[in-house]
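Residue numbers (this note's numbering): 1462 to 1593. Virtual Cβ for every residue (Gly too), placed ideally from N, Cα, C. First the structure, in the form of structure tokens, and then the observations on it.
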Amino acid sequence: DSGTFLGLGTVTGSVAIHIAFSLQVSRDVGVGQPRWPLSRPSPLLSPQRLYYVKEAHGIVVTDVAFVPESRPGRELLGGHEAALLSVAVDSRCKVHLLPTRRSLPVWLLLLLCAGLIVATILLLQLAFPGFL
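Structure follows, in structure tokens:
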């Protein structure tokens, strides 16, 4: 519903969740000229996969749907970032829960950058006296 994730089901029964915005890759450089030969796979074209279960169903996956971000949906999610329902040809339904991704707080990232700059200046002062 939010457009953040893309759920995929395969003919082998595998289920995957990708980040949707990483699929938006521009391949043109000029008029009708691709940036690289399309016969060669490029790492820029591979979307970032967050979740993958090989042969989760063992048979063709016919439908996938994310749990909506409504109040009942939030209760089902618990502490997870997203939940994907998958249905196979044999009418079995499975729930796939995507754990919440961890990230660094912005203030900590800025503090680490500032520390790196200070450490670089101190090392330059030590290596080249009178540098600054």
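Considering only L1571, A1588, T1523, G1591, the residue with the shortest C-alpha distance to K1555 is T1523.
Pairing S1475 with E1530 gives a Cβ-Cβ distance that is not under 8 Å. Remark: C-beta atoms of G1576 and T1561 do not approach each other more closely than 8 Å. For the segment 1498 to 1556, the continuous beta strand (DSSP E) assignments of 3+ residues that do not extend past its boundaries occur at 1510 to 1514, 1522 to 1527, 1543 to 1549, in sequence order. Sorting I1478, L1571, E1542 by C-alpha distance to the C-alpha of V1525 places I1478 at the top.
Contact between A1544 and H1518 is absent: CB atoms are separated by about 16 Å, not below the 8 Å threshold. Note that the C-beta distance between T1465 and A1481 is below 8 Å.
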